[in-house]
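For reference, the structure discussed in these notes is given below.
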Amino acid sequence: MEIPKAYDPAQAEQDHYERWEKSGFFRPEINEDPNAVKYSIVIPPPNVTGSLHMGHALQHTIMDVLIRWKRMQGFRTLWLPGTDHAGISVQRKVAEQLREEEGTTPLDVGREEFIRRAWAWKEQYGDTITEQMRREGASVDWSRHRFTMDESLSTAVRSVFVTLYNEGWIYKGLRIVNWCPKDKTVLSDLEVKEETKKDGKLYYLKYPVLSVPPAVAGGAVPSDEKSPPATAGGTDFLVVATTRPETMLGDTAVAVHPKDERYKHLIGKIVDLPLTGREIPIVGDDYVDPEFGTGAVKVTPAHDPNDYQIGLRHDLEQLLVMNDDGTMNAAAGADFDGLDRFKAREKVIERFEELGLLERVEDYEITLPVCERCKTVVEPILSDQWFVKMDEMRDMALELMRTEGVPHFSPQVPHEKVYTAWLENLKDWTISRQLWWGHQIPAWYDDDGNTYVAMTAEEAKEKAGGKELKQDQDVLDTWFSSGLWAFSTFGWTGKGNADAPSAMRAEPERKRADEGVRVPSDLDTFLPTDVLVTGRDIIFLWVSRMIMLTKKFVDKKAFEDVIVTGTVLGKDGKPMSKSRKNGVDPIEMFDKFGVDATRIYLASIATGADIKWNDLLIETYRNFANKIWNATRFCLMNSGKSDFDWSTANESERKKYHEERGPHTLADRWINSRLSKTAKALNKALENYQFHEAVSLIYHFFWDEFCDWYIELKKDEITAGNVLASAHIFWVLDIALRMLHPFMPYLTEELWLKLPGSSNDLHHSAYRDAEASIMLTEFPQGKSGEFVDDQAEAEMQLVIDTIKRVRNIRSEMNIKPSDRVEIHVAGSAETQGILAANEAQIKKLARADKLVLTDSLAVPKASAKAVLTGGAEIAVPLEGLIDFDKERERLQNQIAKLDTELQRLNGQLSNANFVERAPAEKVQELRERKNEIEHQTTTLNANVIALE
RNA sequence: GCCGUCUUAGCUCAGCGGUAGAGCACUCGCUUCACACGCGAUAGGUCAGAAGUUCAAAUCUUCUAGACGGCACCA
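So the first sequence is numbered by the numbering used here: it starts at 1 and just counts up by one.
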């Protein structure tokens, strides 16, 4: 058989995905076992504007490993893909397109046309990431692909909104919200990031206090009762400190602590607010910290959350002085109207300086709220928005955690604690967004300002008694629809819809449906999903909301487990980002190293740990892929020499063949045992989401055990055309490739299909009729110790140790590889028997032409020696080649190493406390180890003396 | 400010109560008929520092130092 010398990933990647997808292997319906247990995952929907980044690649790898593993175990698996409509991002992209291509704005084209363009944009660019997922080998069911603005998902959104509104969990009201002046929309708390600014300033402003008490207590003073401005001479000033001087234009009071001796006499007096001609009261409020700043606070109820609260307590005017684009408005005064907020700040300061009212300016480290997406400084502003009250749902989620420990986070620390703490302090959620792209809020208003919330415009009109209504112009936060993703993806649209028959249904179930039997819907079948795989950054934004909304609307857990992946950092150790230019494109990695190498590298990162990107590490796995390729290549190239008809050998025949035609060689029994233990450990690692452990197991089995030892031990038999030897190595290879398949799907499929006898006979029973593919074979379980053979492992260890000792001697003594040596071993009858049975292999791998087995050594003085665990002695006669000084040094080196260990053991064993209190078997173990070391040391010392 | 994570071989990281591990890099030797994306053999670490618990600590506790993350912030 002609096989290329190196693995070419691109070829395999092209060949298999399309076939898998077309054959329906990714769909749950491929499973023909009516009793199969389901295993489901829904993808965290990537943003339609996005393209694949390393975080996706990491998460998708983990999901695909789980799905492929479970599918091979015979579960009815579903991995549901989809995308998210990404309100602000798409809105911005389309607006950009309008500006660049037509020089127009969204307002120019109007809402309807804008939305049409947004859909067109989505159609054109929205599939980028789904195409990239095909490249990744993601075994998702494309027939169930969902988009958050699909008809049924949109219905679900309206349905949830209406229900929450009717039950009083959604309300509309004036609150201080986070406003992004660039995107011109409100943001939720979670979409605002705090940014520390070291070069901030704290401005101390002097507000003149009027001597005349106000006519009316509380509230702004009417301007007609204004006192004459105080002269500079005898005027009292109240000094306030602020980081945002421009907001003073909207001040409607100054607050001091009621018990502050410095100021309490001023409470009730009036301040002449500079630049505005307005007079505002001084109020006493506990909120004020007398220790901070000057102890007097300017109060701007329409532009600060704390001031807003003070304003409510003192019934202050809420004066809005800014427009939605961050410029000042008319209320700020003619001098400032239309001026950008930062320009206005400068101007305010200039004016205060001119008026001699700027006391001082201090450098001050401030933290600024910025828009997560565009980094624009967010403006707290009073605005009329829709909110969801979170208390009820919060309590449900906390209850779920308390009583059932759901969701179970992996890693549990620190996520469970952080999640719980966050929920406990959860505030109301701002859900309206001033955008056009998204789910328009299903609320309508009549001319009198009455609100009608309904599923459709018709319904709302009906409720309003036929009045003409106008729909709310805002859309809902994208995360509102994402919050329903766990169940809206399975066809839930609201009351009664969950039972609607699914178009995609397993054949046997569809038959039952035809017979009038009620069949379970996708919702019943696949929810709760088994696991959610996502990043830390959206635990609050998305995970928590899905848990709450799923519980509330379907009364189910959304999922059992949450795997929280770490962050893939750039080479500089910082999160990858466009601005830092430290990003690594997964597609480039696929091209350079292959998809499989990239996948298994990503899987090898410890769950939840951050990792600094390093190309060298993927290279490791590219080399691994090549190693597997070549190991298989060797088997295939040499099996042709046998006369065995491989094409007729299915799994059970092969098994039978082995059982009947045994006995196996020691190497066969050994590799079987290792294979079985590896499979068992691998399954356990996957059950515990220890992907890195799983990768390590399969890597070392394949390379260190299968390639380095097993193939080498069997090479002569196989190349000589030994039918049994070939049969067995294929049997091992088949199983090993299956274990590797979830991690490296393309390579394993490519190779497995080349194996003699790889047909659908080897499939899991649930997929018996499907076209042959490794992805439908049974995953090796290593169950109940099948093939475990500790005796064979111990014997093999002796053989390996013998070979390694001789190799060590050869290397240290500078024996040329081409020179053959003689090996003398003195040991027990058992040792001799084991070595005798493997003489050919020992001679080949240690490059010896003679193996002499004796009861006691009888070799020339010019021999290099070593001692094996268990006490057997090895000698390699090196007449004329040996360097006595070097041999002495070599032996003493070994003695020194043993001595270090012996000292420690002696220390422990002479400690009465240890002997008394440590477990007996531990003490026994150390005693045995001590005897072993003493024995070896004695032998080695004798060897040193013999050199004299 | 509150909560949390990390600090282990030159580099990137596993291990998380009982003899310090991997990959890469380094040193030495090999084009040996699957693979130089390879084979063989070495070398390299008082597991950040200190104290404590324990027969036993890289692993548990506390403190210190450094790196980082989340949350909340007083103008």
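Where is the CB? At the ideal position from N, CA and C, for every residue including glycine.
- By the neighbour-count criterion, in which 16 or more other beta carbons inside 10 Å mark a residue as buried, Arg768 falls on the exposed side.
- The residue among Glu246, Leu205, Leu174 with its C-alpha nearest the C-alpha of Gly295 is Leu205.
- Using a 10 angstroms sphere on the CB of Glu279, the tally of other CB atoms reaches 16 or more, which defines it as buried.
- Between Arg669 and Asp801, the gap from beta carbon to beta carbon reaches 8 Å or more.
- Per DSSP, the beta-bridge partners of Cys180 are Thr185.
- Here DSSP, grouped into helix, strand and coil, assigns Lys206 to strand.
- Closest option to Ala558, judged by alpha-carbon separation, among Ser544, His439, Pro414: Ser544.
- Cβ-Cβ distances below 7 Å link Ser856 to Ala826 in the same chain, with the five nearest sequence neighbours on each side left out; the list follows chain order.
- Ranked by how close their Cα comes to the Cα of Arg890, the residues Arg536, Pro281, Arg805, Ile671 have Arg805 in first place.
- Excluding five sequence positions before and after Ile349, the CB atoms of its chain that fall closer than 7 Å to its own CB belong to Tyr203, Pro245, Leu358, given in chain order.
- A straight line joining the alpha-carbon of Leu426 with that of Asp391 spans about 8 Å.
- Relative to the Cα of His664, the nearest Cα in the group Pro756, Tyr165, Ala631, Lys714 belongs to Lys714.
- At a Cβ-Cβ threshold of 8 Å, Met322 and Ile381 count as neighbours.
- Fully contained in the stretch 235–267 are the following beta strand (DSSP E) runs of length 3 or more, in chain order: 236–242, 253–256.
- The beta carbon of Pro745 is closer than 6 Å to those of Gly137 in its chain, skipping five residues each way along the sequence.
- C-alpha of Ala86 to C-alpha of Asn47: approximately 6 Å in a straight line.
- Leaving aside the five residues that flank Arg341 on each side, the residues in its chain whose CB is nearer than 8 Å to its CB run, in chain order, Pro181, Glu246, Met322, Gly326, Thr327, Met328, Glu379.
- Checking the DSSP bridge columns, you'll see Gly483 has no partner listed.
- Going by DSSP, Trp142 is part of no beta strand (DSSP E) at all; its letter is neither H nor E.
- For secondary structure counted as the alpha helix (DSSP H) over 4 or more consecutive residues, the stretch 825–892 holds these complete runs in sequence order: 829–837, 839–845.
- A buried status is given to Thr607, since no fewer than 16 other beta-carbon atoms sit within 10 Å of its beta-carbon.
- Within a 10 Å sphere around the beta-carbon of Glu887 sit 16 or more other beta-carbons, which makes this residue buried.
- Per DSSP, the unbroken beta strand (DSSP E) holding His408 starts and ends at 408–410.
- Between the alpha carbons of Thr83 and Val192 lies a distance of about 23 Å.
- Rounded to the nearest whole angstrom, the CA to CA distance from Ala946 to Ala846 is 24 Å.
- With a cut-off of 8 Å on Cβ pairs, the stretch 439–457 is not in contact with the stretch 402–418, counting fewer than three such pairs.
- With a threshold of 16 other beta carbon atoms within 10 Å, Tyr689 meets it and is buried.
- Closest in alpha carbon position to Thr854, among Ile842, Lys574, Arg262, Gly833, is Gly833.
- Judged by DSSP secondary structure, Ser696 falls within the alpha helix (DSSP H) whose first and last residues are 691–700.
- Ranked by Cα distance from Asp304, the options Leu275, Ala912, Leu174, Arg117 are led by Leu174.
- The stretch 236–245 and the stretch 305–320 do not touch, with fewer than three beta-carbon pairs separated by less than 8 Å.
- For Ser40, the number of other beta carbons within 10 angstroms of its own is at least 16, and it is reported as buried.
- In this structure the stretch 114–125 does not touch the stretch 59–66; the number of beta carbon pairs closer than 8 Å is below three.
- Taken in chain order, the whole alpha helix (DSSP H) runs of length 4 or more contained in the stretch 346–421 are 391–404.
- Distances from the CA of Ser211 to each of Ile282, Phe702, Ala631 were compared; the closest alpha carbon is that of Ile282.
- If you check the CB distance, Val475 and Asp428 do not come in under 8 Å.
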